[in-house]
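In my numbering, the protein residues as written are 14 to 180.
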């Protein structure tokens, strides 16, 4: 199964694609979509076009997006939410189910603690996906989101199998 992880951002939207074969994870690609334009609508459109091209190129079967955390800057949070809307819309347009994970859940799944910093996340992504060359911190976060989703899908599959076996 191929999983796309997306780290939403208005200036830089990170993406990462992994293949999942049982408990084995392998890196496919990662990168950063950078918004173009001065007006918000143009920037959102450019993110939409770039992320649509990523889906067309790599053909994921599932996608996951990091949830937005609310900070003190309400306007900044709103703009991030609009970029997150693009991150949810593009996979949905392709017919994919989209998982959503809180930043702390992603960090806990990849690093083992919910308050890890970006360098720790990037390091653990590199350990779990040997040979990966990270496009940057946003791409590393996106790969971490994909890894988190893969772990959750595996857990859900084991739970479903256990329930089936018990009935």
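Just so it is clear, CB atoms sit at the ideal spot from N, CA and C, and this is done for glycine as well.
Only a predicted model underlies this, so the values are computations on that prediction, with no experimental measurement involved.
DSSP three-state label for residue i, please.
i, result
"residue 36", "coil"
"residue 151", "helix"
"residue 113", "strand"
"residue 23", "coil"
"residue 79", "strand"
"residue 142", "coil"
"residue 89", "helix"
"residue 172", "For residue 172, the predicted model reports a pLDDT of 44, less than 50, meaning its position is unreliable; a value from the coordinates is still stated below. Note: residue 172 maps to helix in three-state DSSP."
"residue 46", "strand"
"residue 29", "strand"
Since residue i and residue j should fall inside the 8 Å C-beta cutoff, what is the C-beta to C-beta distance between them, to a whole number of angstroms?
i, j, result
"residue 100", "residue 78", "5 Å"
"residue 72", "residue 15", "6 Å"
"residue 26", "residue 64", "7 Å"
"residue 138", "residue 153", "5 Å"
"residue 31", "residue 135", "Their Cβ separation, rounded to whole angstroms, is 15 Å, which puts residue 31 and residue 135 out of contact at 8 Å."
"residue 75", "residue 165", "Not quite, the Cβ-Cβ distance comes to about 10 Å (not below 8 Å), so this is no contact."
Would you check if the distance between the CB atom of residue i and the CB atom of residue j is smaller than 7 Å?
i, j, result
"residue 96", "residue 123", "no"
"residue 110", "residue 28", "no"
"residue 50", "residue 39", "no"
"residue 121", "residue 150", "no"
Taking all protein chains shown into account, decide if residue i is buried (16 or more other Cβ within 10 angstroms of its Cβ) or exposed.
i, result
"residue 128", "exposed"
"residue 70", "exposed"
"residue 53", "exposed"
"residue 20", "buried"
"residue 143", "exposed"
"residue 126", "exposed"
"residue 17", "buried"
"residue 147", "buried"
"residue 172", "Bear in mind that the predicted position of residue 172 carries a pLDDT of just 44, short of 50, making it unreliable; the figure below should be weighed with that in mind. Residue 172 should be labelled exposed."
Say yes only if the C-beta of residue i is nearer than 6 Å to one or more non-hydrogen atoms of the ligand SAH, and no if none qualify.
i, result
"residue 159", "With respect to the ligand SAH, the structure shown offers nothing to examine, as it has no ligands at all."
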